[in-house]
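Numbering (the numbering used here), first residue to last: 24 to 116.
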């Protein structure tokens, strides 16, 4: 019998230019809509609207960042920070 050689191939991950949009009507989709407003939204206002605690809203925003959303924090003197999605997200449904 002939001997077979084991070969290894390295596969590059396939990266899509589009960001997967949250499921329509979900709380994540509502958060994206609030963050997409021209003036953005504070974590406390978003949390109140979604019925979440502040740390849950913050963690969800971190997840959105990891998915490719560019969320900018706008510092305000002596006031709560505002968060807003900047630029095109190329989100697909």
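Where is the CB? At the ideal position from N, CA and C, for every residue including glycine.
Beta bridge counterpart(s) of residue i as assigned by DSSP
i, result
"residue 96", "106"
"residue 66", "BP columns for residue 66 are empty, so no partner."
Cα-Cα separation, residue i to residue j
i, j, result
"residue 42", "residue 99", "29 Å"
"residue 82", "residue 101", "23 Å"
"residue 103", "residue 97", "9 Å"
"residue 90", "residue 72", "23 Å"
Other residues of its chain near residue i: CB distance less than 6 Å, five sequence neighbours each side excluded
i, result
"residue 95", "107 and 109"
"residue 3", "An answer regarding residue 3 cannot be provided, because it is not within the stretch 24 to 116 covered by the chain."
"residue 80", "66, 69 and 70"
Test item: CB-CB of residue i and residue j under 9 Å
i, j, result
"residue 105", "residue 84", "no"
"residue 69", "residue 54", "yes"
"residue 57", "residue 63", "yes"
"residue 60", "residue 52", "no"
For residue i, the three-state DSSP class (helix, strand or coil)
i, result
"residue 39", "In this prediction, residue 39 has a pLDDT of 49, which is less than 50 and means its spatial position is unreliable; what the coordinates show is noted afterwards. The answer is coil: DSSP assigns residue 39 none of H, G, I, E or B."
"residue 52", "helix"
"residue 88", "helix"
"residue 101", "coil"
"residue 59", "coil"
"residue 72", "helix"
Same chain only: Cβ atoms within 8 Å of residue i, ignoring 5 sequence neighbours per side
i, result
"residue 38", "Bear in mind that a pLDDT of 49 at residue 38, under 50, signals an unreliable position, so the model cannot answer this."
"residue 76", "70"
Any non-hydrogen atom of the ligand NAP within 8 Å of residue i CB
i, result
"residue 75", "What this structure holds is no ligand at all, so the ligand NAP is not there to describe."
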